[in-house]
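What follows is one structure encoded as structure tokens, with my remarks underneath.
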RNA sequence: GGCUGGGUAGCUCAGUUGGUGAGAGCGCACGACUCAUAAUCGUGAGGUCGCGGGUUCGAAUCCCGCUCCAGCUACCA
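Numbering (the UniProt record's numbering), first residue to last: 1 to 525.
See below:
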């Protein structure tokens, strides 16, 4: 429907100090699947991800490790974050780091523009300060003391009294944009998705917006405020701007207009930054707001939000080492309703891997190609007269392709997979009903056998294309076994929006026997 | 405390504006089949729809109360 139009999609940029876990990987995979789908539908697609490298925490850990913050960031990007993308096969088009010149320089341009337009002013930031932490504490880290300190505000980490300190800060007049933001949510109901996330955002803005402190002067690891180099930019203000600096804001207008506005995929914990602060910043700079901000849910382990401190954090490689990257991608896209929280368990992963990928899709591909090999000497057979059974398959494939595309368009990735899977189920049922192994025993039913196997093989072709954004490695193997590339071109070049058109794979194409796409894993937990 | 969302078969979840005997997948039992990764296909068992009231000819679906869980309640990437 939007063929050829721009589709710019982003993930949050990783805070380099974090340790990659499946939550990060989940966000990346979701964005990557959406990007691959659109790219393969002919949209002018751009997937952006990257790292956030400024701020006091990074400065501190770098110092503690005896290196500069830049060296520290370089190491983490190289050893943790870029490898993560490979582990889960993310095909990003760009990777921005907030310490790159293209970012820093244009963040300053942005700041200067807002300053000149009167959206930024110098003020006093007053907050409770913890001497132990050496920083101002957010409300969430302040608790009321007990014992001798009853009634006193204390630091949640150190349990020591906090001091009320003041610091000169620059403030962004975010409060000016309250009404415009509410109008935005009202007039574009799909701006913030899903609806539950939208409700939270609206409720938050309705209670009133305060101006936002956007500078710090107590440390220097950040982007200097252009008109006052004793201050550096607050990390969030800095980080959000990656979405525009990465596509040419401030220096390549042509590229910027080609890409912007973006679709942001974020975890719901950082929704507010993207759905409130970010659009306000853009409004101030007279830049179009994003197309959509989609807040996905959390992955729950044992019913709780996954966390390192509770030892529920799971490294993506723990899963991919056993099940492979395709299974990782498939599992989280299929088992979690995109936008809602999803419960992860090894049992569920193992069950779905075997029931859906190995027994369902993988075995289907194996049995069809094995029969082509056995009964047709390794070629795609020629179909004869069509019956209602074949017409039913054609209809299922066409409907699945259409509905899957509509689902992806609406960010409902899990639904798209459910639609695609109707093809797997229909083909397995069709083969059992038609009993090609019986047809093969009699020369009189030779033509019928050809029809059945062609139908099944062409169904695999559609599946390979439709599933390629989600399980790129397995579908590539299938594509090779179908020997489709010489006649249809590479798998990546197949138009997803035409995937449901029947009869693309010509009869007579030589096909191979297929190794198990998803081998059973006997000793899995 | 306030606000939002949710508590539906063993498990994970669907259930439009209230209406034929409450659904899917997985798991389980039984049967069919043998091309295939001991895979596939079919049938079946199984549920006080969190609790208690109310509205209605009729409620999982609307209203009230209660209970439990999760999230939000601004500077945590």
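Every residue, glycine too, gets a C-beta built ideally from N, C-alpha and C. Because the structure is a prediction, the values reported are computed rather than measured.
Check, Outcome
"Could you spell out where the beta strand (DSSP E) holding residue 168 opens and where it closes?", "163-172"
"Less than 6 Å between C-beta atoms, sequence neighbours within five positions excluded: which residues of the same chain meet that for residue 440?", "375, 449"
"Rounded to a whole number of angstroms, what is the C-alpha to C-alpha distance between residue 37 and residue 408?", "8 Å"
"For residue 11 and residue 93, I'd like the C-alpha separation in whole angstroms.", "12 Å"
"On a CA-only basis, which of 203, 107, 126 is nearest residue 98? Give me that one, please.", "107"
"What is the DSSP secondary structure of residue 38, reduced to helix, strand or coil?", "helix"
"Starting from the N-terminal side, write out each stretch of the alpha helix (DSSP H) that is 4 residues or longer and does not extend beyond the stretch 186-267.", "195-206, 235-240, 242-245, 253-259"
"Determine which residues share a DSSP beta bridge with residue 344 and list them.", "301"
"What does the Cβ neighbour count give for residue 405, buried or exposed, with the cut at 16 atoms within 10 Å?", "buried"
"Under 9 Å between the Cβ atoms of residue 423 and residue 463?", "yes"
"Quick one: what does DSSP say residue 485 is sitting in, helix, strand or coil?", "helix"
"How many Å lie between residue 168 and residue 73 at the Cα?", "28 Å"
"Mind the definition here: the stretch 346-361 touches the stretch 480-497 only if three or more C-beta pairs lie below 8 Å; say whether that holds.", "no"
"Starting from the N-terminal side, write out each stretch of the alpha helix (DSSP H) that is 4 residues or longer and does not extend beyond the stretch 390-477.", "413-434, 436-439, 446-467"
"By alpha-carbon positions, which one of 334, 243, 488, 451 ends up nearest to residue 465?", "488"
"Count the C-beta pairs between the stretch 317-325 and the stretch 284-295 that are closer than 8 Å, then say yes if the count reaches three, no if not.", "no"
"Exposed or buried, what is residue 334 when buried is set at 16 or more other beta-carbons lying within 10 Å of its beta-carbon?", "buried"
"Ignoring anything shorter than 3 residues, give me the beta strand (DSSP E) runs that lie fully in the stretch 14-93, in order along the chain.", "44-52"
"Using a 10 Å radius around the Cβ and a threshold of 16 neighbouring Cβ atoms, would you call residue 243 buried or exposed?", "buried"
"If you measure between the beta carbons of residue 64 and residue 172, is that distance less than 9 Å?", "no"
"Compare the Cα-Cα distances from residue 471 to each of 329, 52, 400 and report the closest residue.", "329"
"Mapping DSSP to helix, strand and coil, what is residue 493?", "helix"
"Taking the beta strand (DSSP E) that residue 120 belongs to, which residues open and close that run?", "120-130"
"Let me know the secondary structure DSSP gives residue 379 once reduced to three states.", "strand"
"Could you tell me the distance, in whole angstroms, from the CA atom of residue 401 to the CA atom of residue 282?", "37 Å"
"One question on the structure: do residue 32 and residue 469 come within less than 9 Å of each other, judged by their Cβ atoms?", "yes"
"Measuring CB atoms only, is the stretch 16-36 touching the stretch 241-257, in the sense that at least three cross pairs come out at less than 8 Å?", "no"
"Compare the Cα-Cα distances from residue 461 to each of 433, 503, 435 and report the closest residue.", "503"
"Using alpha carbons as the reference points, say which of 270, 7, 388, 26 lies closest to residue 336.", "26"
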